[in-house]
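What follows is a short report on a single structure.
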Amino acid sequence: MITLHDMTLSGNCHKVRLLLNMLALPYQIQPVNLGGGEQHSPEYLQRNPFGQVPVLDDNGFTIRDSQAILVYLAKRYGGVPWWPDDAYHLAQIAAWLSTAANEIANGPALLRVHHKFGRDIDLARAQQTADKVLGIIDRHLQSQDWLVGDTVSIADIAVYPYLALAPEGGITIGEYTNIIAWFQRIRALPGYVAMPGMWQVQIN
Ligand SMILES: N[C@@H](CCC(=O)N[C@@H](CS)C(=O)NCC(=O)O)C(=O)O
Numbered sequence: 017m018i019t020l021h022d023m024t025l026s027g028n029c030h031k032v033r034l035l036l037n038m039l040a041l042p043y044q045i046q047p048v049n050l051g052g053g054e055q056h057s058p059e060y061l062q063r064n065p066f067g068q069v070p071v072l073d074d075n076g077f078t079i080r081d082s083q084a085i086l087v088y089l090a091k092r093y094g095g096v097p098w099w100p101d102d103a104y105h106l107a108q109i110a111a112w113l114s115t116a117a118n119e120i121a122n123g124p125a126l127l128r129v130h131h132k133f134g135r136d137i138d139l140a141r142a143q144q145t146a147d148k149v150l151g152i153i154d155r156h157l158q159s160q161d162w163l164v165g166d167t168v169s170i171a172d173i174a175v176y177p178y179l180a181l182a183p184e185g186g187i188t189i190g191e192y193t194n195i196i197a198w199f200q201r202i203r204a205l206p207g208y209v210a211m212p213g214m215w216q217v218q219i220n
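In terms of my numbering, the sequence shown opens at residue 17 and continues consecutively.
Next up, the structure:
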């Protein structure tokens, strides 16, 4: 059985929930009480010494980090298109996983942590990082439907949640029209699941 150590409002956990659902894999959720400090308990630190969610347990194989979990699920259960078998496309996917863990984590995701959860951050730097990465992704999606190649991959899954949650970080994501069109393509995929706080079409 697959167990996801999870927190409902975590976009990193949502990446994993998305792929599990899109692959139609049965799994159970084990909620982690981050507010209560459960992630620092000796038992939890054995799963992830960094004291973070998500962690995936697949019949005794324990994997930490949302990007690493996407790689595992894609390779183990997904195959093409989630895990293509040519070097060039795999490298492109790795580049976007890295962007998710760096620029997106330090831009849109950090702004959300500040506005939604009240953490003190270097606001100007996070805003600058967010503006740059959103501009790059929007221009990238001007000429293609998906981040890598001509079909969905784990690159899209890794990048999507914190862009869709960007309004909670005070970002006007609707200005990025190519990103919005890409949101709609992702939301039309079989198995798509949403989470609270994600951008929605405004109906006046
Ligand atoms: N690089 C990690 C980052 C995970 C992360 O930042 N998790 C946050 C929730 S979104 C967390 O567990 N925070 C608890 C803490 O740092 O105490 C990943 O992608 O999984």
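Where is the CB? At the ideal position from N, CA and C, for every residue including glycine.
If you're wondering where the values come from, they're calculated on a predicted model, not measured in any experiment.
Per DSSP, which one or two residues make a beta bridge with residue i?
| i | result |
| --- | --- |
| His21 | Gln46 and Val71 |
| Arg4 | What is shown of the chain runs 17 to 220, which leaves residue 4 out entirely. |
| Ile85 | Per DSSP, none; premise fails for Ile85. |
| Glu80 | Here the sequence assigns Arg to residue 80, which means Glu is not the residue at that position. Arg80 pairs with Val71. |
Give a yes or no on whether 8 Å exceeds the smallest Cβ distance from residue i to chain C.
| i | result |
| --- | --- |
| Pro124 | Structure shown: chain C not included; a single protein chain is present. |
In whole angstroms, what is the alpha-carbon distance linking residue i and residue j?
| i | j | result |
| --- | --- | --- |
| Asn194 | Ala84 | 27 Å |
| His56 | Gly67 | 5 Å |
| His21 | Ala107 | 28 Å |
| Glu74 | Met17 | Correcting the residue identity first, residue 74 is Asp in this sequence and not Glu. Answer to the nearest angstrom: the Cα atoms are 6 Å apart. |
| Val48 | His30 | 14 Å |
| Tyr104 | Gly52 | 44 Å |
| Ala210 | His156 | 24 Å |
| Phe133 | Ala146 | 18 Å |
| Leu39 | Arg135 | 35 Å |
| Ala125 | Gln158 | 23 Å |
| Gln44 | Pro70 | 13 Å |
| Leu36 | Asp161 | 22 Å |
| Asp172 | Pro58 | 34 Å |
| Leu181 | Pro206 | 21 Å |
| Trp99 | Ile109 | 9 Å |
| Gly185 | Leu89 | 29 Å |
| Thr188 | Pro177 | 15 Å |
| Arg24 | Gly213 | With the sequence shown as reference, residue 24 is identified as Thr, and Arg is not the correct amino acid for it. Answer to the nearest angstrom: the Cα atoms are 11 Å apart. |
| Trp112 | Val175 | 7 Å |
| Ala121 | Ser114 | 10 Å |
| Glu54 | Tyr192 | 38 Å |
| Tyr93 | Ala117 | 23 Å |
| Val32 | Pro97 | 17 Å |
| Gln46 | Leu72 | 10 Å |
| Leu163 | Ile196 | 13 Å |
| Pro65 | Glu119 | 23 Å |
| Ser26 | Val217 | 22 Å |
| Gly190 | Asp166 | 24 Å |
| Ala204 | Leu34 | 13 Å |
| Leu50 | Leu86 | 22 Å |
| Gly76 | Asn28 | 21 Å |
| Ala123 | Ile170 | At residue 123 the sequence reads Gly, which differs from the Ala that was named. The straight-line gap from Cα to Cα measures roughly 20 Å. |
| Tyr208 | Val168 | 12 Å |
| Asp154 | Asp102 | 26 Å |
| Leu61 | Gly95 | 31 Å |
| Arg63 | Pro183 | 32 Å |
What I want to know is whether the C-beta of residue i ends up closer than 7 Å to one or more non-hydrogen atoms of ligand 2.
| i | result |
| --- | --- |
| Asn28 | No copy of ligand 2 appears in this structure; the ligands present are ligand 1. |
**Item:** Three or more C-beta pairs below 8 Å linking the segment 132–148 and the segment 192–211
**Value:** no
**Item:** Touch test, the segment 77–96 against the segment 141–159, Cβ-Cβ under 8 Å, three pairs minimum
**Value:** no
**Asked** Do the segment 150–158 and the segment 125–137 meet, that is, are 3 or more Cβ pairs less than 8 Å apart?
**Response** no
**Message:** To test your reading of the DSSP string, which unbroken alpha helix (DSSP H) runs of 4 or more residues are found completely within the segment 90–168?
**Reply:** 103–115, 124–133 and 139–156
**Entirely enclosed alpha helix (DSSP H) segments - the segment 170–220, minimum 4 residues** = 170–180 and 193–203
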